[in-house]
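When you read off a place in the sequence shown, starting at 1, and then add 237, the result is the number in this note's numbering.
Here the structure is laid out as structure tokens; the discussion comes afterwards.
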Amino acid sequence: MKKSILGLFAVSAIAGAIGATGSAFAADAAGALTLSAEEKEKAKKIYFERCAGCHGVLRKGATGKNLEPHWSKKDKDGNMQEGGTLKLGQGRLEKIIANGTDGGMVNFDDILTKEEIALMSKYIQNTPDVPPEYSFKETVDSWKVIVPVDKRPKKQMNKINLKNLFSVTLRDTGEVALIDGDTKEIRSIVKTGYAVHISRLSASGRYVYVIGRDGRLSLIDLWMESPSVVAEVKIGFDARSVDTSKFKGFEDKYAIAGSYWPPQYVIMDGDTLKPLKVVGTRGMTVDGEYHPEPRVASIVASFIKPEWVVNIKETGQILLVDYSDIKNLKTTTIGSAKFLHDGGWDASKRYFLVAANASNKIAAVDTKTGKLAALVDTAKIPHPGRGANFTHPQFGPVWTTGHLGADVLTLISTPSDKKSDAKFKQHNWKVVQEVKHVPGNLFVKTHPKSKHLWADSPQNPDKTLAESVAVWNMSDLSKPVKVINVAKDSGLPETKATRRAVHPEYSADGKEVWISLWGGKTDQSAIVVYDDATLTLKKVITDPKMITPTGKFNVYNTQHDIY
Ligand code: DHE
Numbered sequence: 238m239k240k241s242i243l244g245l246f247a248v249s250a251i252a253g254a255i256g257a258t259g260s261a262f263a264a265d266a267a268g269a270l271t272l273s274a275e276e277k278e279k280a281k282k283i284y285f286e287r288c289a290g291c292h293g294v295l296r297k298g299a300t301g302k303n304l305e306p307h308w309s310k311k312d313k314d315g316n317m318q319e320g321g322t323l324k325l326g327q328g329r330l331e332k333i334i335a336n337g338t339d340g341g342m343v344n345f346d347d348i349l350t351k352e353e354i355a356l357m358s359k360y361i362q363n364t365p366d367v368p369p370e371y372s373f374k375e376t377v378d379s380w381k382v383i384v385p386v387d388k389r390p391k392k393q394m395n396k397i398n399l400k401n402l403f404s405v406t407l408r409d410t411g412e413v414a415l416i417d418g419d420t421k422e423i424r425s426i427v428k429t430g431y432a433v434h435i436s437r438l439s440a441s442g443r444y445v446y447v448i449g450r451d452g453r454l455s456l457i458d459l460w461m462e463s464p465s466v467v468a469e470v471k472i473g474f475d476a477r478s479v480d481t482s483k484f485k486g487f488e489d490k491y492a493i494a495g496s497y498w499p500p501q502y503v504i505m506d507g508d509t510l511k512p513l514k515v516v517g518t519r520g521m522t523v524d525g526e527y528h529p530e531p532r533v534a535s536i537v538a539s540f541i542k543p544e545w546v547v548n549i550k551e552t553g554q555i556l557l558v559d560y561s562d563i564k565n566l567k568t569t570t571i572g573s574a575k576f577l578h579d580g581g582w583d584a585s586k587r588y589f590l591v592a593a594n595a596s597n598k599i600a601a602v603d604t605k606t607g608k609l610a611a612l613v614d615t616a617k618i619p620h621p622g623r624g625a626n627f628t629h630p631q632f633g634p635v636w637t638t639g640h641l642g643a644d645v646l647t648l649i650s651t652p653s654d655k656k657s658d659a660k661f662k663q664h665n666w667k668v669v670q671e672v673k674h675v676p677g678n679l680f681v682k683t684h685p686k687s688k689h690l691w692a693d694s695p696q697n698p699d700k701t702l703a704e705s706v707a708v709w710n711m712s713d714l715s716k717p718v719k720v721i722n723v724a725k726d727s728g729l730p731e732t733k734a735t736r737r738a739v740h741p742e743y744s745a746d747g748k749e750v751w752i753s754l755w756g757g758k759t760d761q762s763a764i765v766v767y768d769d770a771t772l773t774l775k776k777v778i779t780d781p782k783m784i785t786p787t788g789k790f791n792v793y794n795t796q797h798d799i800y
């Protein structure tokens, strides 16, 4: 898979390569694998930034393959299989890291130097260090209230139309840009954690919660004259998810953030981030095996119960965490499939659909009954983001996922209580259509007021495709109505490196679609805004401070889970 950059979705085909070398374990002299303290520190940092997301801190594998020096396991027929990085050896590992594999691992030769690739190959043949735990006390010690609640404004002090504000991740600078959706002006740039993953909103829409990959959670008060961080806490060493309490009576009361390492989630006060409880997620997988690193993937707040849906990646368990009594926390554990990643609500917001990406399945949980509603087989490596809900002309309400590993968008029929939808019941939880797209898709998006469905393809190895998005008219999905080259439309000078067009996001009124043009750290990046009705370019938002924009979160749409 040449020339798709970022290793963040690296799905290594190392296991596929086992046997190809035929070499015995420890082909390299043990001494040759010894690293100096300085080399080890450097390798650890690269591993955390580039590899841990897919392969896990303990290297047991998830989206990416197991990278332990030696592993053995029974295959489905009960035969013992053996493998590991030692068996592959230095030369083979260097090739895999540099060039990627057909199994989906991207090439790193344009991110890492030759020396760094050699270093990483050595590093992963050594036994993984087990990182330290992170206690409740340490969480509390990291907690800072920068502006106490009684010193905060009693009403909105700025003139921004907050509903249409966008919180935009500036990935490589550890910041978010707050961009006015009406004027397209950057209102403020706020320092946050490293490589922020997502922003989520409080139920009232006043507070933005921003989680960094380094586990730093920042709380931004949008009512301040210049919106800025009012509280911060570090919830772990490696994190991706956050949400808030959205059930009636609990608005803005609690926040929850999930950690990859240590595997746990933390419940906090919504307006101060004061840590209230930490809950570990180690335990048994859906196959009945103990896992030491079950990471917290997506979290979503229910609107119909005081509950969060917390998806545990490695175990395949979906937790419904009842926050009505934090002291006596009640949790429903629903077994689904591995490895759980991202997902979103269906149109009724009763069912949460989450990708079990290594099983090529979508798991749907019924949050009303607290039971698994369906496990739907899909094409390879579903990656919905939050998915896209619309009414299909033939099959009624559907939820859509894209795929990293397949050239389709999958449409799944979802239940509806409307009398007029009764005729679609027979299709519920079935794949009703696969719409032809290209592989390497990360995010799909639509809006209740739109007739269009947008899909990106930033992980496609072809530069032109990675820099483009496709748009369908939902009344005829036979082919896209338009494929838009976002990099060209940006008017920015051509670069050798790919500038990925990623993460379509609608404005609050559903009339505009914002796409990030995600260039390298030293390239000029932009947000390119399109008119959704005409599919024409409306505005290019660019600025020297616009460095590596990725996710964009419109306040109103994120607050109400509109997608
Ligand atoms: Fe994400 C959502 C994890 C790489 C941009 N990403 C999520 C969620 C998880 C996750 C668990 C769901 C959060 C939720 O809803 O609560 N992402 C991971 C990884 O483990 C992975 C594969 C590797 C890593 O090391 O992080 C990864 N993600 C990426 C990227 O490379 C992206 C494109 C750019 C970046 O930020 O580094 C990226 N992920 C996003 C975005 C969302 C997201 C924009 C939110 C989508 C939305 O619309 O809500």
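Quick reminder that beta carbons are idealized off the backbone N, C-alpha and C, glycines included.
Inter-residue spacing [alpha-carbon to alpha-carbon] between residue i and residue j
| i | j | result |
| --- | --- | --- |
| K564 | W755 | 43 angstroms |
| A745 | Y527 | 44 angstroms |
| G525 | L772 | 50 angstroms |
| L245 | K656 | Here L245 scores only 41 on pLDDT, less than 50, and its place in the model is too uncertain to base an answer on. |
| P390 | G495 | 29 angstroms |
| V382 | Y588 | 36 angstroms |
| Y284 | Q362 | 13 angstroms |
| M783 | L407 | 7 angstroms |
| L612 | P730 | 46 angstroms |
| K758 | P781 | 11 angstroms |
| K688 | E422 | 28 angstroms |
| A335 | C288 | 13 angstroms |
| E286 | K550 | 19 angstroms |
| N316 | K310 | 8 angstroms |
| F576 | K392 | 43 angstroms |
| L774 | G411 | 29 angstroms |
| S441 | P529 | 37 angstroms |
| T615 | V777 | 36 angstroms |
Any non-hydrogen atom of the ligand DHE closer than 6 angstroms to residue i Cβ
| i | result |
| --- | --- |
| A476 | no |
| A534 | yes |
| I448 | no |
| R453 | no |
| D579 | yes |
| G788 | yes |
| G411 | no |
| R623 | yes |
| H684 | no |
| H797 | no |
| G290 | yes |
| I752 | no |
| I493 | no |
| R736 | no |
| H740 | yes |
| I618 | no |
| I435 | yes |
| R424 | no |
Cβ shell of residue i (< 7 angstroms), same chain only, five flanking positions each side left out
| i | result |
| --- | --- |
| P499 | E370, Y371, G473 |
| T628 | P634 |
Residues sharing a beta bridge with residue i, DSSP
| i | result |
| --- | --- |
| W709 | L690 |
| D480 | I493 |
| S455 | V447, E469 |
| D417 | L402 |
| K428 | E412 |
| R737 | W755 |
| K719 | V708 |
| H528 | G520 |
| S309 | E319 |
Proximal residues to residue i (C-beta, below 6 angstroms), its chain only, five neighbours per side dropped
| i | result |
| --- | --- |
| G449 | T429, G430, Y431, V433 |
| I541 | none |
| P652 | N665 |
| L648 | V635, T637, V669, Q670 |
| Y360 | A280 |
| G321 | E305, P306, H307, W308 |
| R623 | G581, Y800 |
C-beta neighbour in chain D for residue i, strict 7 angstroms
| i | result |
| --- | --- |
| N316 | The question asks about chain D, but that chain is absent: this structure has only one protein chain. |
Presumed contact (8 angstroms Cβ cut-off) between residue i and residue j, rounded CB distance
| i | j | result |
| --- | --- | --- |
| G677 | S694 | 5 angstroms |
| V405 | V467 | Between V467 and V405 the Cβ distance is about 19 angstroms, and since that is not below 8 angstroms, they are no contact. |
| L415 | V427 | 7 angstroms |
| K682 | E742 | 7 angstroms |
| A584 | V591 | A584 to V591, Cβ: 16 angstroms. No contact. |
Contacting residues, own chain, Cβ-Cβ under 8 angstroms from residue i (five flanking each side not counted)
| i | result |
| --- | --- |
| V537 | D480, W545, V546, G580, G581, W582, F589, D798 |
| D769 | H684, S687, H689, Y743, G747, K748, E749, V750 |
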